[in-house]
Structure formats: C-alpha cells, structure tokens
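Using the numbering used here, you'd call the opening residue of the sequence shown number 172 and step up by one each time. Contents: one structure, followed by commentary.
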Amino acid sequence: MHPKVTSMVRYMSLWDQGGFLGGPTLAADMNLVVQLSMGVALLAGMMLARGKHYRAHAICQGSVMVLNLVMIALIMLPSFRDNVLPELPGRLLRPYYFVPTFHAALGGVAQVMGIYIVLRAGTNWLPQALRFRNYKLWMRTELTLWWVVIIIGIATYVVWS
Ligand code: HEM
C-alpha cells in the first residue's frame with residue numbers, strides 16, 4: 172500500500188478508537204471538548220452583549236455558528252449516517268438510537284436558527300419579511316435551545332460509552 176494511504180488508514184483507525192476521556196471514539200471525545208468550549212463561548216458572548224460590546228458579541232457568536240457547521244460536517248453527520256440511520260425507523264425507540272436522533276433533530280433546528288440569526292443581525296441580505304425585530308427573544312431562545320442540544324449530546328455520549 173502507498174505510504175500516504177497507510178498513514179491515512181492509521182489516522183482513521185486512531186480516530187475511531189477509544190478517546191482520551193474514555194468515550195466511544197477519539198472523534199467523540201474531541202467533539203465533546205469542542206462542543207463544551209463552544210457552549211461556554213456562547214455564554215461569554217452573552218455577557219459581552221450585556222456589557223454593550225455588540226461587535227465583540229457578534230464576532231464571538233458568529234464564529235461559534237460557523238465552527239459548529241464544521242463539527243457537524245466532519246464528525247456528527249457522518250457518525251449519525253453510519254451509526255444511527257441504518258437502524259431507523261425499526262430501532263428508534265431504543266435509547267441507543269432515540270437519544271442521538273432526538274439530539275440530531277433539535278441540533279439541526281438550533282444550527283439553522285443560529286445561522287438565520289447571524290444573517291439577520293449581521294447582514295442586510297434577508298428580505299424585509301424575514302427581518303425580526305425582537306433580538307432579545309430570538310437570541311435568548313437560541314442560547315437556551317443550544318444548551319438543551321448540548322445536554323442531549325452529552326446524553327448521546329453517555330449512552331454510547
Ligand atoms: C447546535 C447544534 C449541535 C450541538 C451543540 C451538538 C452537540 C453535541 C455534543 C455535546 C455531543 C457529545 C460529544 C460526542 O459524543 O461526540 C454530540 C454528539 C453527537 N451529535 Fe451533535 N450537536 C449539534 C448538532 C448535531 C446535528 C445536526 C447532528 C446530526 C446530523 C448531530 C449528531 C450527533 C451525533 C451522531 C453525535 C454522537 C457522535 C459520536 O459519538 O460519534 N449533532 N453533539
């Protein structure tokens with residue numbers, strides 16, 4: 172086998188082995204650490220808004236929204252496709268499949284809503300009809316939903332460990 176392919180395979184299997192926190196895979200442990208850090212970053216970003224540092228707030232929350240798209244694309248969506256999707260709908264009611272499915276559904280809503288809020292607050296790209304005015308309500312709802320998704324993500328991690 173070509174050395175590059177060998178190192179790719181070694182890298183991929185390391186990725187799929189147990190992680191440094193004792194979770195199911197290295198990818199899961201990395202995702203857990205990144206997700207918790209992003210959840211804390213969103214709380215810090217909320218404090219920035221409270222202190223009227225709106226530009227810093229926008230950069231902080233916007234960065235988390237974009238970084239999480241990368242985490243979904245590289246880790247969570249592939250994991251969902253390989254580990255959950257093949258067993259749906261037959262085994263949906265087992266916790267092993269139900270918890271990540273519930274998590275993925277709510278997580279999808281939280282991510283889309285986050286991108287929508289960033290577009291509304293940070294650009295002029297949206298048509299008038301889609302420009303909400305009640306920033307506080309939308310942003311508080313999003314932060315709460317996001318943390319609910321993190322908690323169900325942790326539940327997924329626990330059920331899969
Ligand atoms: C706001 C959006 C999201 C947040 C904050 C979030 C957060 C988390 C957290 C904290 C974990 C636990 C760490 C881990 O086990 O990897 C996790 C795992 C997971 N998430 Fe998400 N997630 C989000 C969106 C999604 C979406 C849209 C999907 C599905 C398409 C998804 C599917 C998964 C899966 C399958 C796992 C288990 C990964 C594994 O262990 O292999 N998540 N997520």
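Yeah, the Cβ is synthetic: ideal placement off N, Cα and C, and Gly gets one too. All values reported here derive from a predicted model rather than from experimental measurement.
The beta carbon of residue 274 sits closer than 8 Å to those of 320, 323, 324, 326, 327, all from its chain and outside the five residues before and after it, given in chain order. For residue 209, the uninterrupted alpha helix (DSSP H) run begins and ends at 197 to 221, by DSSP. In this structure the region 275 to 287 lies against the region 236 to 244, because at least three pairs of beta carbons, one per stretch, are closer than 8 Å. With a 10 Å radius around the Cβ and a threshold of 16 neighbouring Cβ atoms, residue 313 comes out buried. Just so you know, the alpha carbons of residue 237 and residue 306 end up roughly 20 Å apart. The Cβ-Cβ distance between residue 192 and residue 203 falls below 8 Å. When the Cα atoms are used, residue 195 and residue 232 turn out to be separated by approximately 29 Å. The count of Cβ pairs closer than 8 Å, one atom from the region 251 to 263 and one from the region 211 to 226, stays below three, leaving the stretches out of contact. Following the DSSP letters along the chain, one finds residue 243 in no alpha helix (DSSP H), marked with neither H nor E. In this structure, the straight-line span from the alpha carbon of residue 188 to that of residue 332 is close to 12 Å. In the assembly as shown, residue 296 is an exposed residue. Its beta-carbon has fewer than 16 other beta-carbons within 10 Å. In this structure residue 247 is buried. Its beta-carbon is surrounded by 16 or more other beta-carbon atoms within 10 angstroms. Just measuring C-alpha positions, the residue of 199, 265, 294 sitting nearest residue 249 is 199.
With fewer than 16 other CB atoms across the displayed protein chains lying within 10 angstroms of its CB, residue 329 is exposed. At least one heavy atom of the ligand HEM is found less than 7 Å from the C-beta of residue 271.
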